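These protein sequence lines are chains A and B, in that order. Position 103 (the first sequence) corresponds to 108 in the numbering used here; numbering is contiguous. Position 113 (the second sequence) corresponds to 118 in the numbering used here; numbering is contiguous. Think of the CB as a built atom: it goes at the ideal place given N, C-alpha and C, for glycine as much as any other residue. Just so we're clear, the structure is a prediction, and the values are computed from it rather than from any experiment.
Number of protein chains: 2
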Amino acid sequence: MKVQKFSRQDAVMERSPGQSGDIFTGNVVDERHGGPITIGYGLWGKNQRLELTLAVDDVMIILQGRLAVSFDGTTVEAVAGDIVHMPKGTTVKIDVREETATAYVTYPHWRTAEA
Amino acid sequence: MKVQKFSRQDAVMERSPGQSGDIFTGNVVDERHGGPITIGYGLWGKNQRLELTLAVDDVMIILQGRLAVSFDGTTVEAVAGDIVHMPKGTTVKIDVREETATAYVTYPHWRTAEA
């Protein structure tokens, strides 16, 4: 594999699996590239909500906007520059306060949890 | 492990190994926490230069500022919102154009390459 630089416009955004709202993800590196991790961008529409049980370790970096992340009975607000680490097996509820852009890195490759 | 949210002020910044300039890193998640990945923040002083051979897969997300990353005879400029993926075994030269803040995720845990 070689070094690569990505910008948001390099990602092909698709509706994120398991929801019908305005939440989109686009991988720029994934299992097709032969490495151990998936890298991508996320776009989250205002007032969208997503409940998620993590099948992999997921790191979300907030690039702009604001999300509320709820877990274990608490809610934290994440803004630009913040990092949310969602280890494998955890469950989170995400409420989008403003239109938000994120970057994500997962290990191993991202997939949805089994229903 | 549990879900956690981090901000830049949560990282304890230390001079990055192998250099004596104004380049600082601070892990917020690493091998002490029992998971597979390291997560942290980096701060890069203007005009600093770092040459680096990657011992692990390293993903650098630019939060603010501007870095030039050179590899394989090419140089790319990375600005806020850009992602640089440096796979294990690759060599890069980083020239800091402006004071820059980054987030990073590595798999497996970050360490310097053997000299």
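Under the Cβ criterion of 8 Å, D100/A is not counted among the residues facing chain B.
Residue contact with chain B for L68/A: present (Cβ-Cβ distance below 8 Å to some residue of chain B). Q24/B carries a coil assignment under DSSP once its states are collapsed to helix, strand and coil. With contacts defined by Cβ atoms closer than 8 Å, V33/B and A60/B do not form a contacting pair.
In the structure shown, the three-state DSSP call for Q53/A is coil. By the Cβ-count criterion, Q9/B is buried, with 16 or more other Cβ atoms from all chains shown falling within 10 Å of its own Cβ. Against chain A, the CB of R13/B has a partner CB under 8 Å away; the residue lies at that interface. Judged by DSSP in its simplified three-state form, H38/A adopts helix.
Within chain A, the residues whose beta carbon sits less than 7 Å from that of P41/B are D62, Y112, listed in sequence order. For M18/A, the nearest beta carbon of chain B is not closer than 8 Å to its own beta carbon. Within chain B, no residue has its beta carbon less than 8 Å from that of D35/A; the closest one is some 11 Å off.
By the CB criterion at 8 Å, T111/B and I66/B fall outside the cutoff. Using a Cβ distance threshold of 8 Å, D62/A and P41/B count as a contacting pair. Residue environment for G94/A: exposed (fewer than 16 other C-beta atoms within 10 angstroms of its C-beta). For D15/A, the three-state secondary structure derived from DSSP is helix. Between R54/A and I99/A, the beta carbon gap of about 7 Å places them in contact (Cβ cut-off 8 Å).
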